[in-house]
Amino acid sequence: MQPREIVTVDYGHEESDFYLHQVFRTAPFERNNHYHGTYEIYYLISGRRHYFIKDRTYAIAAGDLVFVPKHEVHKSSVLGSPQHERIVMNFSDAFLGAGHPSFRPELMQVFERENHLYRLKPQQQWHVEELLRKLTEEVKQQEPGFEIAIRLLVTQLLLFAMRLKDADVPVTEDPLSPIHRKIAEVVKFINARYTENLSLPMLAEQFGMSPSYLSRTFKKVTGFTVVGYQNFTRIREAQRLLAHTDAKIKDIAERVGFEQFAHFNRTFRKIAGTRPTRYRKWHTHSGKTSGGKNARTESRVQNID
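All letters in the sequence shown, in the order written, are residues 23 to 327 by our numbering.
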């Protein structure tokens with residue numbers, strides 16, 4: 023019997039300064055919605071996948087390259103046959119971003135573009151796969167200076183992506199899954215009005231669906247319940263305000279839409295993994311780094327009801 027999963031590379035973890043993981047799967051696999059304080063690059067070697075990022079769903083095919091910004095919620099799921107092979111890497115600001123001496127802001131522009139997915143031509147695929155092959159070899163061999171080598175290879179990959187023009191890599195959402203586009207509209211609506219009381223019946227009426235159908239399909243596409251996604255969006259904004267402003271915690275709770283402070287505290291701890299006061303303390307006194315304790319509080323798999 024063929025193994026359900028074969029891992030060929032597993033170096034670090036997605037909360038560390040650098041992570042590289044390559045896997046071949048034959049059985050259905052769906053990663054829960056999650057986010058982290060590191061940049062992510064995803065390359066699909068074979069098969070097809072659905073990829074939900076923030077408020078868009080992409081149909082990923084072999085040879086596609088995906089860039090996920092820091093702190094952006096995302097999730098991959100089955101599209102057609104479950105068999106696929108992919109390689110994913112994560113890196114922190116300390117590894118190559120704003121905290122590194124070799125940082126060049128233009129290299130990170132690829133994470134700021136509207137389209138997260140790049141559909142590469144065959145010659146471009148070969149170039150990317152060769153860079154990834156060299157990366158995996160450096161990680162496996164770990165010869166002297168290998169950490170310098172992987173930084174240089176990641177830089178080459180970012181430079182390659184930076185030079186791609188949006189017009190050269192057209193992408194479309196899956197034409198066979200109109201419900202994904204409909205749920206993306208619901209997500210955008212919640213993102214714009216998360217501070218309001220958005221009930222399931224109101225959203226269902228707004229988008230022409232029954233409450234039960236909206237609830238079921240929203241969960242299937244995003245991995246969140248409707249209420250869970252709204253709470254997640256509120257808490258993520260609260261995290262930003264705690265880290266970058268001196269506003270009182272009670273005022274922040276009200277600003278992001280919580281009417282009861284106790285409810286805010288419970289929800290914050292469930293999503294962020296710590297209390298608001300401790301979160302602020304870590305981000306005030308630890309330099310807001312991505313590779314240490316702070317990253318662990320911000321890199322979480324969400325299972326929010």
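Ideal placement from N, C-alpha and C gives every residue a C-beta, glycine not left out.
Beta-bridge pairing of residue i - partner residues as DSSP gives them
i           : result
residue 22  : Within the shown structure, residues of the chain are numbered from 23 to 327, placing residue 22 beyond reach of any answer.
residue 48  : Note: residue 48 sits in no beta bridge, so no partner.
residue 111 : 42, 63
residue 81  : 72
residue 106 : 47
residue 141 : 86
residue 161 : Answer by DSSP bridge pairing: none, since residue 161 is not bridged.
residue 100 : 71
Cβ-based burial, residue i [other Cβ within 10 Å; buried from 16]
i           : result
residue 55  : buried
residue 213 : exposed
residue 98  : buried
residue 30  : exposed
residue 92  : buried
residue 304 : buried
DSSP three-state assignment for residue i, whether helix, strand or coil
i           : result
residue 95  : coil
residue 60  : coil
residue 68  : strand
residue 283 : helix
residue 28  : strand
residue 33  : strand
residue 278 : coil
residue 326 : Model confidence at residue 326 stands at a pLDDT of 47, short of 50, so the residue's coordinates are unreliable and nothing is read from them.
Rounded separation between residue i and residue j - CA only
i           : j           : result
residue 298 : residue 249 : 20 Å
residue 66  : residue 277 : 40 Å
residue 260 : residue 37  : 21 Å
residue 237 : residue 288 : 23 Å
residue 64  : residue 269 : 37 Å
residue 88  : residue 127 : 19 Å
residue 69  : residue 115 : 31 Å
residue 135 : residue 283 : 36 Å
residue 137 : residue 258 : 22 Å
residue 241 : residue 57  : 17 Å
residue 50  : residue 132 : 30 Å
residue 95  : residue 112 : 14 Å
Residue i, enclosing beta strand (DSSP E) - first and last residue
i           : result
residue 89  : 86-90
residue 126 : From DSSP, residue 126 is part of no beta strand (DSSP E); its letter is neither H nor E.
Cutoff 8 Å: residue i Cβ touching any chain B Cβ
i           : result
residue 183 : The structure shown contains no chain B, having only a single protein chain.
Unbroken alpha helix (DSSP H) run spanning residue i, endpoints
i           : result
residue 250 : 248-266
residue 234 : 233-244
residue 213 : 200-215
residue 178 : 168-185
residue 226 : 222-228
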